[in-house]
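Residues 1123 to 1572 (my numbering) are what the sequence shown spells out, left to right.
Written below as C-alpha cells is the structure these notes are about.
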Amino acid sequence: MPARKQPAGGIGGLAALGYAVSMDNALTIGLRAGQPVFFANPGRLPIASVAGSLPVRLADIEAAGERLKRFAPLLAELFPELAPSGGLVESALFPAPVLERRLKAAGLPAGDRVFVKADHALPVVGSVKARGGLHAVLAVAEALALDGGLLAGPDDDCRRMAEPAARNFFSSHTLSVGSTGNLGLSIGVFGRGLGFGVTVHMSAEARAWKKEMLRRVGATVVEHPGDYAAACAVAREEAGHSPRLHFIDDENSLDLLLGYAVAGLRLPQQLAGCRIAVSAGHPLCLHLPCGVGGAPGGIALGTRLTLGDAALAFFVEPTEAPALLLGLATGRHGGISAAEYGLTGRTVADGLAVSRPSDLVCRLMVPVLDGAHTVGDAAMLGHVAEAFDAEALRLEPSAAAALAGPLAVRRANLPVLAGRPATHICWATGGSLLPDAEFAALLARAGTRP
Ligand SMILES: Cc1ncc(COP(=O)(O)O)c(C=O)c1O
1123 MPARKQPAGG
1133 IGGLAALGYA
1143 VSMDNALTIG
1153 LRAGQPVFFA
1163 NPGRLPIASV
1173 AGSLPVRLAD
1183 IEAAGERLKR
1193 FAPLLAELFP
1203 ELAPSGGLVE
1213 SALFPAPVLE
1223 RRLKAAGLPA
1233 GDRVFVKADH
1243 ALPVVGSVKA
1253 RGGLHAVLAV
1263 AEALALDGGL
1273 LAGPDDDCRR
1283 MAEPAARNFF
1293 SSHTLSVGST
1303 GNLGLSIGVF
1313 GRGLGFGVTV
1323 HMSAEARAWK
1333 KEMLRRVGAT
1343 VVEHPGDYAA
1353 ACAVAREEAG
1363 HSPRLHFIDD
1373 ENSLDLLLGY
1383 AVAGLRLPQQ
1393 LAGCRIAVSA
1403 GHPLCLHLPC
1413 GVGGAPGGIA
1423 LGTRLTLGDA
1433 ALAFFVEPTE
1443 APALLLGLAT
1453 GRHGGISAAE
1463 YGLTGRTVAD
1473 GLAVSRPSDL
1483 VCRLMVPVLD
1493 GAHTVGDAAM
1503 LGHVAEAFDA
1513 EALRLEPSAA
1523 AALAGPLAVR
1533 RANLPVLAGR
1543 PATHICWATG
1553 GSLLPDAEFA
1563 ALLARAGTRP
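Written out as C-alpha cells, the structure is:
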C-alpha cells in the first residue's frame, strides 16, 4: 500500500486499519531532528469493544499467572532470593513524594499523584524482563517435562524438576535468545537455574557487566556487531535447525508477552494496598519504557484488561530509537525501522536500543495504547540522577526514562485527562543490579555524584 497524505481527521483511522499513512508534519520533523515528540494514539478503543477479538485474551494471561504460581515451590527451592515470597517474582508499588513535589513544581497538576513500580528491584534478575523470561522458560520446561515423563501431569509436584535426573535431562536442551541485555539475563539466569544450556545473542549495545554476569552463571554469550534485530535474526535462524534448541523470540513470543502481562493482573491488589482508586474521574497513567515492545505491551494489555478504560498506558522511547511510536504512527507496524527516519538506534538506554518494533505488539497496541513519546539521552541521564537524588532509586537509563512520562503526558493536553486528577505510575524497569562503578559513571555523565 503506497504511503498516503494524512486525512483531515488524523491518521488514526487508517493506521488502525493497517494502512500505511504519512504522519503529520510536526511529528515527522521532530522525529527526524531527534527531538522529543508525543504521539497520541487515535486507534485507542474502549477495551470491552475489542477484548473478545484480540489475539491475547484475559484467560491466557490468567493461565500464565497460574503457571507462575504452580512453579513457585520449585523456584523457591532453586533461588534462595525467592524463598521469602514463596517463589513468586513480584515488585513493590510505592509513592514517590519527593519526585511528585518536584514534578508539581515543574507543572504537574496539584491533584496528581506519582508512584514507582519497582521492577528494577525484582528478585534474581532485577528487571521488567523477569516475569516474561521466567514464564517463557517455564513454558518450555513444563512441556519438555510432561513429554519426557519427568512430571506425571500438570498437578504433579514441580519440585521433582530440581532433582538430578531432571537437571540432567534439561542439560541436553539449550534455550536461545536475542537480547539487548536484560532479557538475556532473565532467560540466562532462570534457564541455567533449571539446568538448561543457554545461548544469548547480544547486540552491540549490551553492557559488558550483563555479559559477564551471564558467563558467570554458565551461559554462552555470542556478541554481535549489529543491532538487536540482527542478533535476533541469527538466533532465530540457528534454532530452526535443531529440535533441542529452543528459541525464545522477543519479537514474537506469546509466552514472553503473557508473562509480562501478569504484572497487570496483580496491579489492582497493589493499588488497593496504596489506597489508589481508579475511575474515569481518577485515571491511572502507566509510564512504560519501551524497546521492542513486549514488556510494556504485555503490561499495558494486562492492565487494561484488568482495570478497564480508566487505565491509560503510555510508552517512552529514546529519540534515536522510537520503534513502537513509528510502527503505530505510520501503521506499518513491524515493517518500519527508525533508520528510515535517519535515526541511529544508538542510545545510553541500552534496553531500549531497538529500531524495529515487534509486529505482534504493534497490532495488539492499536486499540490499547494511549500514546507514545520520546526522550533524549541527556534527559534520561538526568532522570537517573533525579531518581537517585529524590527517591534513592538505582535505575539504569532505560528505566529512568519512565520519569519523563508524567509531564510529557500532561503537556500533551489529552481530553481524557482534562480536569481529572491522575495517578501516575513510573514503571522502573531495571537497574538494581548495576555495579557501583557503572552507576557512578552514569551519575557522573549526568553531572552529579553518588
Ligand atoms: C530496563 C529495560 N526497560 C525496558 C525494556 C523494554 O522492554 P521491551 O524491549 O520488551 O519493550 C527493556 C528491554 O530490555 C529493559 O531492559
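Beta carbons: idealized from backbone N, C-alpha and C, even for Gly.
Inset, instruction - With L1448 as the anchor, note down where its alpha helix (DSSP H) starts and where it stops. - result: A1445 to T1452
Legend entry - Unbroken stretches of the alpha helix (DSSP H), 4 residues or longer, contained in the stretch 1441 to 1505: 1445 to 1452 and 1481 to 1487
Inset, instruction - Say yes only if the C-beta of T1570 is nearer than 6 Å to one or more non-hydrogen atoms of ligand 1, and no if none qualify. - result: No, the beta carbon of T1570 sits no closer than 6 Å to any heavy atom of ligand 1.
Inset, instruction - Leaving out five residues on either side along the sequence, give the residues of the same chain with a beta carbon under 7 Å from the beta carbon of L1167. - result: P1489
Inset, instruction - Taking R1224 as the reference, give the member of L1378, H1505 and E1184 with the closest Cα. - result: H1505
Legend entry - Complete beta strand (DSSP E) runs within the stretch 1300 to 1353 (minimum length 3 residues, chain order): 1319 to 1324 and 1342 to 1345
Inset, instruction - For the beta strand (DSSP E) holding T1150, just list the boundary residues, first then last. - result: Note, T1150: premise wrong, no beta strand (DSSP E); alpha helix (DSSP H) at N1147 to R1154.
Legend entry - Enclosing alpha helix (DSSP H) for H1409 [first to last residue]: DSSP places H1409 outside any alpha helix (DSSP H); the residue lies instead in the beta strand (DSSP E), whose first and last residues are L1406 to P1411.
Inset, instruction - With hydrogens ignored, establish whether the beta-carbon of A1435 is closer than 6 Å to any heavy atom of ligand 1. - result: no
Inset, instruction - Tell me whether A1125 is buried or exposed, calling it buried when 16 or more other Cβ atoms sit within 10 Å of its Cβ. - result: Only weak support exists for where A1125 lies, its pLDDT of 37 falling under 50; the value from the coordinates is given anyway. A1125 is exposed by the Cβ-count criterion.
Legend entry - Coarse secondary structure for L1515, derived from DSSP in three states: Three-state DSSP puts L1515 in coil, outside helix and strand.
Inset, instruction - Please confirm whether any heavy atom of ligand 1 lies closer than 6 Å to the CB of A1524. - result: Here the distance from the Cβ of A1524 to the nearest heavy atom of ligand 1 is not below 6 Å.
Inset, instruction - Tell me, please, whether the stretch 1381 to 1390 touches the stretch 1249 to 1260 by the rule of three or more beta-carbon pairs shorter than 8 Å. - result: Below 8 Å, enough C-beta pairs join the stretch 1381 to 1390 and the stretch 1249 to 1260 to call them touching: three or more.
Legend entry - Contact between the stretch 1191 to 1199 and the stretch 1275 to 1285 (3+ Cβ pairs under 8 Å): yes
Legend entry - S1520 CB to nearest heavy atom of ligand 1 below 6 Å: Taken from the Cβ of S1520, at least one heavy atom of ligand 1 lies inside 6 Å.
Inset, instruction - In angstroms with no decimal places, state the Cα-to-Cα distance between V1322 and M1487. - result: 28 Å
Inset, instruction - Report, in whole angstroms, the separation of the C-beta atoms of A1524 and H1409, which I expect to be a contact under 8 Å. - result: 4 Å
Legend entry - Alpha carbon of A1243 to alpha carbon of G1386, nearest angstrom: 17 Å
Inset, instruction - Starting from R1235, trace the beta strand (DSSP E) both ways and give me its first and last residue. - result: Counted as a single uninterrupted DSSP element, the beta strand (DSSP E) harbouring R1235 occupies residues R1235 to K1239.
Inset, instruction - Taking only the alpha-carbon atoms, compute the straight-line gap between D1481 and E1334 and give it to the nearest angstrom. - result: Approximately 31 Å, taken between the alpha carbons.
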